Each structure stands twice: as structure tokens, then as C-alpha cells.
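Position 45 of the sequence shown, counting from 1, maps to 44 under numbering that gives the first Met the number 0, and the rest follow consecutively. The beta-carbon is built from N, C-alpha and C at its ideal position, and this holds for glycine as well. It should be emphasised that the depicted structure is a prediction, and the values quoted were computed from it without experimental measurement.
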Amino acid sequence: MTTILALITILFLVLIIYLIIKIQLDRQKFHSRIKILEDFIVQISNEQKSQNNQLELSEELKHKLLQINATLNKDIYDLNFKLVEELYPRK
0 MTTILALITI LFLVLIIYLI IKIQLDRQKF HSRIKILEDF IVQISNEQKS
50 QNNQLELSEE LKHKLLQINA TLNKDIYDLN FKLVEELYPR K
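Right, here's the structure in full:
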């Protein structure tokens with residue numbers, strides 16, 4: 000009877016040790032996967048910052064181009080108006 004209890008106790012101890020080792024391995028796998036995901040998130044965040052900077056530059060360039068275009072349009076209109084006045088003076 001005591002041998003059966005000893006065998007059952009040893010079986011449970013082996014099972015507990017196996018489960019402890021399995022839990023440790025699963026934790027290590029989990030942490031390595033979390034580390035990979037964290038690195039991926041950091042990479043995406045850096046790319047997003049870069050794209051946001053490019054978008055800000057693009058918006059600034061667009062605004063400057065609109066200002067330059069408006070100035071050129073006004074200058075061209077004034078030049079055409081002066082040419083028409085010189086070619087066809089009012090009577």
C-alpha cells in the first residue's frame with residue numbers, strides 16, 4: 000500500500016515539475032513574442048512620425064505654391080492690363 004502511495008506521490012511530483020517547466024517555457028515564448036510586437040510597434044510609430052513630417056512639409060509647400068501662384072496671377076494680370084492700355088489708349 001505504501002509503495003502505491005509512493006508511486007502516486009512521485010507521479011504527482013513529476014507532473015508538477017513538468018507543468019512548472021512548461022509554464023516557464025510558455026512565459027519565455029510569450030515574452031519573446033511580446034518583444035517582437037513591441038519592436039514592430041516602435042518601427043511603425045517611427046514610420047508614422049516620418050510620414051507626418053513629410054505631410055507637414057507637403058502642406059507647407061502647397062500653401063507656399065498657392066501664395067506664389069496668386070502673386071504670379073496678379074503680376075500677369077497687371078502686365079496684361081498695362082499692355083492693353085499701351086496698345087489701345089483711351090480716347
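(message) Let me see if you follow: with CB-CB separation under 7 angstroms, is K81 close to chain D or not?
(response) Chain labels in this structure do not include chain D; a single protein chain is all it has.
(request) Can you tell me which of the three DSSP states R151 falls into? (result) Nothing about residue 151 can be reported from this structure: the residues present for the chain run from 0 to 90 only.
(message) Could you compute how far the alpha carbon of L64 sits from the alpha carbon of L36?
(response) Rounded to the nearest angstrom, the two C-alpha atoms are 41 angstroms apart.
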